[in-house]
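Q: Residues in the sequence shown are numbered consecutively from 455, following this note's numbering.
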Amino acid sequence: MFLKRRYIPIFVTVGLFALMFAAGSFRYTGFFSLQVLMNLLVDNAFLLITAVGMSFVILSGGIDLSVGSIIALSTMVSASLIQNQGWPPALVIPLVLIMGALFGWAMGSIIHYFKIQPFIVTLAGMFLARGLCYVISIDTITIDNAFYTKVAQTKISLPGGSFISISAIIALIVVAAAIFIAHYTRFGRNVYALGGNEQSALLMGLPVARTKVLVYTLSGFCSALAGVVFTFYMLSGYGLHAVGFELDTIAAVVIGGTLLTGGIGYIVGTFFGVMIQGVIQTIISFEGTLSSWWTKIVIGLLLFAFILLQRMLSARRSTIKL
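#1: For a quick check, are the C-beta atoms of Leu668 and Val662 less than 8 Å apart?
#2: Check for me: the alpha helix (DSSP H) holding Lys604 runs from which residue to which?
#3: Do you know offhand how far Met508's Cα is from Val628's?
#4: My parser needs the alpha helix (DSSP H) runs of 4 or more residues fully inside the region 558-588; what are they?
#5: Considering only DSSP beta bridges, list what Thr596 is partnered with.
#6: Is Thr671 closer than 8 Å to Val645 when the C-beta atoms are compared?
#7: Three Cβ pairs or more, each shorter than 8 Å: is that satisfied between the region 478-487 and the region 529-540?
#8: Does DSSP put Ile620 in a helix, a strand or coil?
#9: Determine the direct distance from the alpha carbon of Ile574 to that of Trp541, and round the result to whole angstroms.
#10: Return the CA-CA distance between Phe725 and Ile704, expressed in angstroms with no decimal places.
#11: Rank Ser739, Gly727, Val550 by C-alpha distance to the C-alpha of Phe471 and give the top, closest one.
#12: According to the Cβ coordinates, are Ser523 and Ala583 closer than 8 Å?
#13: Here's the rule: buried if 16 or more other CB atoms are within 10 angstroms of the residue's CB, otherwise exposed. What is Asp518?
#14: Could you tell me whether the Cβ atoms of Thr483 and Ile597 are closer together than 8 Å?
#15: Could you check what DSSP says for Ser534 in three-state terms: helix, strand or coil?
#16: Beta carbon of Met474, beta carbon of Ile730: below 8 Å?
#17: DSSP beta-bridge partners for Ser611?
#18: Leaving out the 5 sequence neighbours to the left and right, which residues in its chain are closer than 8 Å to Phe641 when beta-carbon positions are compared?
#19: Enumerate in chain order the residues of its own chain whose CB-to-CB distance from His566 is below 7 Å, with the five nearest sequence positions on each side excluded.
#20: Which residues bound the alpha helix (DSSP H) around Ser792?
#21: Would you check if the distance between the CB atom of Thr529 and the CB atom of Gly717 is smaller than 8 Å?
#22: Go ahead and pull the three-state DSSP assignment for Met455.
#23: What residue range is occupied by the uninterrupted alpha helix (DSSP H) comprising Asp702?
#24: Which two residues bound the contiguous alpha helix (DSSP H) that contains Leu501?
#25: Any beta-carbon of chain B closer than 8 Å to the one on Leu582?
#26: Assign Asn644 to one of three DSSP states: helix, strand, or coil.
#27: Taking the alpha carbon of Ala678 as the reference point, which residue from Gly579, Gly515, Ala526, Ala606 has its own alpha carbon closest?
#28: Just reading off the alpha helix (DSSP H) that Gly716 is part of, what are its end residues?
#29: From Leu488, Leu494, Pro572, Gln571, pick the residue whose C-alpha is nearest to that of Ile737; which is it?
#30: Straight-line CA distance for Tyr638 to Ala632?
#31: For the alpha helix (DSSP H) containing Ala696, name the first residue and the last one.
#32: Over the uninterrupted alpha helix (DSSP H) stretch that includes Leu657, give me the two end residues.
#33: Terminal residues of the continuous alpha helix (DSSP H) containing Ser739?
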């Protein structure tokens with residue numbers, strides 16, 4: 455019975471996405487199209503990449519509040535090196551990805567070896583990364599590099615006259631890789647075990663230290679990659695990019711059915727959690743008379759609903775065990 459119940463949140467997430475998309479299709483002319491679906495990916499590619507990294511963190515029983523700041527720092531480092539220093543993108547992009555991974559590795563190491571709560575460590579990381587942005591520059595740095603401009607403007611044609619962007623393709627590759635890692639590798643099994651019960655994982659002889667550090671390293675890498683994609687999207691670096699983005703990311707993962715206490719969740723659910731946020735924004739855009747803040751209101755209500763659902767399922771599981 456529990457095996458069936460653990461799938462309930464993801465089924466609810468997929469069903470909710472289908473219901474919202476169907477409602478938009480009935481209400482608005484032109485909503486039901488392949489291009490609208492592709493736009494959900496194009497406009498939320500950086501959120502999807504960040505949410506993948508956050509999924510592994512939450513599955514392990516942790517949290518990462520630094521993702522938005524690492525995105526901003528990645529855009530600032532990229533813009534500064536390319537625009538002001540004249541470095542080639544082939545050197546800057548790998549450097550930014552390594553920087554993000556090292557940032558995550560440092561936080562993961564502090565969390566595990568010094569036994570400090572992830573909330574506190576990643577909060578410090580959030581302030582540090584955001585502060586470093588303003589050390590680089592307090593102003594927006596616009597990017598006019600030919601490579602970045604070409605990537606930003608490239609549209610990959612699809613049947614029916616629709617298109618998808620390179621950033622969306624990158625996001626889909628990240629999702630596919632994450633599904634494989636989570637469900638078909640030893641590291642993925644260790645993450646689930648760690649999130650289920652850290653003490654049990656230790657007693658089983660699993661590499662808890664390595665797994666925990668790697669989880670935050672992966673999150674830092676995904677945040678930096680999202681920063682690169684965000685730079686393609688905005689063609690600029692700015693210290694205020696992605697402010698509050700960590701909350702949108704956590705919301706997408708939770709709405710996707712991942713248990714906040716860890717151990718239960720699926721990358722596919724996170725994908726649909728991001729798509730739900732995208733379809734809410736699209737419906738508000740089609741409506742035309744609603745403030746964009748309604749996106750936050752609806753997401754807040756959905757968060758309440760999914761947290762209550764998780765609580766009820768956990769309570770039923772505990773009752774059955776007793």
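Glycine included, every Cβ here is placed at the ideal spot set by N, Cα and C.
A: So, from the listed chains and residues:
#1: Val662 is positioned such that its CB atom lies no closer than 8 Å to that of Leu668.
#2: The continuous alpha helix (DSSP H) containing Lys604 extends over residues 600-607.
#3: Our two residues, Met508 and Val628, have alpha carbons roughly 13 Å apart in a direct line.
#4: Assignment of alpha helix (DSSP H) within the region 558-588, counting only whole runs of 4 or more residues, yields no such run.
#5: As DSSP reads the structure, Thr596 sits in a beta bridge with Ser690.
#6: Remark: C-beta atoms of Val645 and Thr671 do not approach each other more closely than 8 Å.
#7: Touching, no, given that fewer than three Cβ pairs across the two stretches are closer than 8 Å.
#8: If DSSP states are grouped into helix, strand and coil, Ile620 belongs with the helices.
#9: Roughly 35 Å between the two C-alpha positions.
#10: Phe725 and Ile704 have their C-alpha atoms spaced approximately 12 Å apart.
#11: When each option's Cα is compared against that of Phe471, the closest is Gly727.
#12: Contact annotation: Ser523 and Ala583 have beta-carbon atoms nearer than 8 Å.
#13: It is buried - the Cβ of Asp518 has at least 16 other Cβ atoms within 10 Å.
#14: Not closer than 8 Å, so no.
#15: Residue state, collapsed to three classes: helix.
#16: Taking 8 Å as the Cβ cut-off, Met474 and Ile730 qualify as a contacting pair.
#17: DSSP output for Ser611 lists Phe617 as bridge partner(s).
#18: Excluding five sequence positions before and after Phe641, the CB atoms of its chain that fall closer than 8 Å to its own CB belong to Ile635, Thr665, Leu668, given in chain order.
#19: Ala663, Lys666, Val667, listed in sequence order.
#20: What is shown of the chain runs 455 to 776, which leaves residue 792 out entirely.
#21: The criterion of a C-beta distance shorter than 8 Å is not satisfied by Thr529 and Gly717.
#22: Any reading at Met455 must be qualified, since the residue scores a pLDDT of 43, below 50, and its modelled position is unreliable; the value itself is stated next. In the structure shown, Met455 sits in coil (DSSP, three-state: anything other than H, G, I, E or B).
#23: Unbroken alpha helix (DSSP H) run through Asp702: 699-709.
#24: Its alpha helix (DSSP H) spans residues 499-513.
#25: Protein chains in the displayed structure number just one, and chain B is not present.
#26: DSSP places Asn644 in helix when its eight states are reduced to three.
#27: Closest option to Ala678, Cα to Cα, is Ala526.
#28: If you look at Gly716, you'll find it isn't in any alpha helix (DSSP H); DSSP assigns it neither H nor E.
#29: Per the C-alpha coordinates, the member of Leu488, Leu494, Pro572, Gln571 positioned closest to Ile737 is Leu494.
#30: Each residue's alpha carbon lies about 10 Å from the other.
#31: Segment: none, Ala696 is in no alpha helix (DSSP H) and carries neither H nor E.
#32: Taken as a continuous stretch (DSSP letters only), the alpha helix (DSSP H) holding Leu657 covers 652-657.
#33: Ser739 -> alpha helix (DSSP H) spans 721-741.
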